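Here the structure is laid out as structure tokens; the discussion comes afterwards.
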Amino acid sequence: MIIGIIGSGAMGAGIAQVVATAGHTVRLLDQNSEALQQASRSIEANLRKLAEKGKLTAAAAEAVTARLHPTGDIQQFADCELVIEAVVEDLTVKQQLFQQLESIVSTECVLASNTSSLSITSTAAACQQPERFIGIHFFNPAPLMQLVEVIPAVQTREGLATEVRKLVESWGKLPVLAKDTPGFIVNRVARPYYGEAIRMLEEGLADIATIDWALTELGGFRMGPFTLMDFIGHDVNYRVTESVFTAFFYDPRYKPSFTQKRLFEAGYYGRKTGRGFYNYAPETIQPEPNRDEALGNVIVNRVLAMLINEAADALALQVASRDDLELAMTKGVNYPKGLLAWADELGIADVLDTLDNLYAEYHEDRYRASPLLRRMVRNRQHFFPSTAT
């Protein structure tokens, strides 16, 4: 199969490496020749590292490189059987790009977007053949992250999502099927990890170091929310939060914070700029957390309740299946457990009590509990009945 990738930034180059490693001929397009050269160097460097670590033979690495064909000419996409775009998150730009592509590729070519936050259906609507359009959302860095969200548009022909899912599996990835709703699975369900942490900071419940400590040391998360936001970059993380909030018709559950907006406005994007929630200047002494376990458990329980609530609502609204929701959160953002299994372990009634107590205190819609949680408590059900004690 000949696969075209449009955009040679970190994501586009990563996807190109994945599909070329899987044995496909890859045409990597970018109008910026310097960016294209940088992408080629980056992929070659990654392959050399894999060969040095014994994860790829030198001959295999050379073969992967030979299958990569960087180009600045979109006309060379005429023989592609699948094209994945990984360009700027701008709906108009993407729509115009696919309109141009349709005049070049065959009628059988599948068109896909790697967008993390824009509507697949809206992009497909610009196409003459929207039935061949689908979302294939990788996570960064694409060669390392196993999860891929497959998102059919309203117009996507029946069976295409299954075909794409099998193709993604053949690349050594773990695909999950998501409904075309804002944030899909991961960027929807994960919002409270950031939002509720910032809310507790703004209220003075705890400082950033303490919240990060609680969620890593007591909660088992790989990275605390403030460290993670700084790592992702507030230019990315804040924009996704804002996009999801807008796309959900300003539902208070996804409301951005002024605290993060101010960092974004100041250009304090995190590690990449040397300053975010933390200061990364050389020799800076990082703040010490308050290792009070009682306080830490309050923090963990509050964030977990919000995350579980979001996962339960996603399940109730058929955004994804139970198993795909669990896979998405463990493989997409490396959560220590699937949120629904975690709910069973904690006790769904206790999670519901936490949410109801928060709602009673704040009377804000962001703390409204999913009706699914209430039903499950009322009927004494579990998300995973076979493993419940």
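Counting from 51, one number per residue, gives the positions in the sequence shown under this note's numbering. All residues carry an ideal CB built from backbone N, CA and C; glycine is no exception. Everything numeric in this text was worked out from a predicted model, so none of it was measured.
TODO: Work out the CA separation of residue 330 and residue 234 for me, nearest whole Å.
DONE: 32 Å
Task: Completely contained alpha helix (DSSP H) runs for the segment 145 to 220, where each covers 4 or more residues - done: 170 to 174, 210 to 220
Open item on the list: With DSSP as the reference, identify every bridge partner of residue 261, one or two as the case may be.
Closed with: DSSP output for residue 261 lists no bridge partner at all.
- [ ] Can you have a look at residue 294 and say buried or exposed, based on whether 16 or more other CB atoms are within 10 angstroms of its CB?
- [x] buried
TODO: Please work out which residues of its chain come closer than 7 Å, Cβ to Cβ, to residue 351, disregarding the five sequence neighbours upstream and downstream, and give them in chain order.
DONE: 404
Open item on the list: Which residue marks the beginning of the alpha helix (DSSP H) containing residue 284, and which one marks its end?
Closed with: 284 to 297
- [ ] Over the uninterrupted alpha helix (DSSP H) stretch that includes residue 137, give me the two end residues.
- [x] Neither: residue 137 is in no alpha helix (DSSP H) and is coded neither H nor E.
TODO: For residue 114, count neighbouring C-beta atoms within 10 Å of its own C-beta (all shown protein chains included) and say buried if the count is 16 or more, exposed if not.
DONE: buried
TODO: Find out if the Cβ-Cβ distance for the pair residue 280, residue 320 is shorter than 8 Å.
DONE: yes
Open item on the list: Do residue 198 and residue 184 count as a contact pair if the criterion is CB distance below 8 Å?
Closed with: no
TODO: Could you check the C-alpha separation between residue 273 and residue 242 for me, to the nearest Å?
DONE: 15 Å
- [ ] Would you mind working out which of 163, 335, 364, 177 sits nearest residue 157, comparing C-alpha positions?
- [x] 177
Open item on the list: Output needed for residue 377: all residues of its chain with C-beta closer than 8 Å, excluding positions within five of it in sequence on either side, in chain order.
Closed with: 197, 224, 226, 388
Task: Which of helix, strand or coil DSSP assigns to residue 82 - done: coil
TODO: Please report the residue range of the beta strand (DSSP E) in which residue 54 lies.
DONE: 52 to 56
Open item on the list: Here's a check: name, in chain order, each residue in its chain whose Cβ is nearer than 7 Å to the Cβ of residue 355, leaving out the five neighbours to either side.
Closed with: 401, 404, 405
Open item on the list: Given this structure, state the Cα-to-Cα distance separating residue 125 from residue 286, to the nearest angstrom.
Closed with: 31 Å
Open item on the list: With H, G and I counted as helix, E and B as strand and the rest as coil, what does DSSP make of residue 329?
Closed with: strand
Open item on the list: What does the alpha-carbon distance come out to for the pair residue 188 and residue 380?
Closed with: 15 Å
Open item on the list: Which of the three DSSP states is assigned to residue 226 in this structure?
Closed with: strand
Open item on the list: Would residue 305 and residue 430 be called neighbours here (beta carbons separated by less than 8 Å)?
Closed with: no
Task: Span separating the alpha-carbon of residue 159 from that of residue 229 - done: 22 Å
TODO: Check whether the Cβ atoms of residue 85 and residue 101 sit closer than 8 Å, and answer yes or no.
DONE: no
Open item on the list: Rounded to the nearest angstrom, what separates residue 246 and residue 96 at their Cα positions?
Closed with: 36 Å
Open item on the list: In the DSSP output, which residue or residues are listed as bridge partners for residue 442?
Closed with: Since the first and last residues shown for the chain are 51 and 439, residue 442 lies out of range.
Open item on the list: Rounded to whole angstroms, what is the Cα-Cα separation between residue 182 and residue 56?
Closed with: 17 Å
- [ ] Tell me, please, which residues DSSP counts as bridged to residue 320.
- [x] 325
TODO: With DSSP as the reference, please indicate the residues paired to residue 132 in a beta bridge.
DONE: 53, 160
- [ ] Measure from the alpha carbon of residue 392 to the alpha carbon of each residue in 371, 361, 109, then state which is nearest.
- [x] 361
Task: From 396, 88, 421, 364, residue whose alpha carbon lies closest to that of residue 240 - done: 364
Task: Spatially closest choice to residue 204 from 147, 171, 309, 143, by CA coordinates - done: 171
Open item on the list: Can you give me the C-alpha to C-alpha distance between residue 116 and residue 78, rounded to a whole angstrom?
Closed with: 13 Å
Open item on the list: By the three-class DSSP mapping on this structure, what secondary structure does residue 423 have?
Closed with: helix
Task: C-beta contact flag for residue 394 and residue 433 at 8 Å - done: yes
TODO: In the DSSP assignment, find the alpha helix (DSSP H) that holds residue 236 and state where it starts and stops.
DONE: 236 to 239
TODO: Note down the Cα distance separating residue 313 from residue 324, rounded to an integer number of angstroms.
DONE: 12 Å
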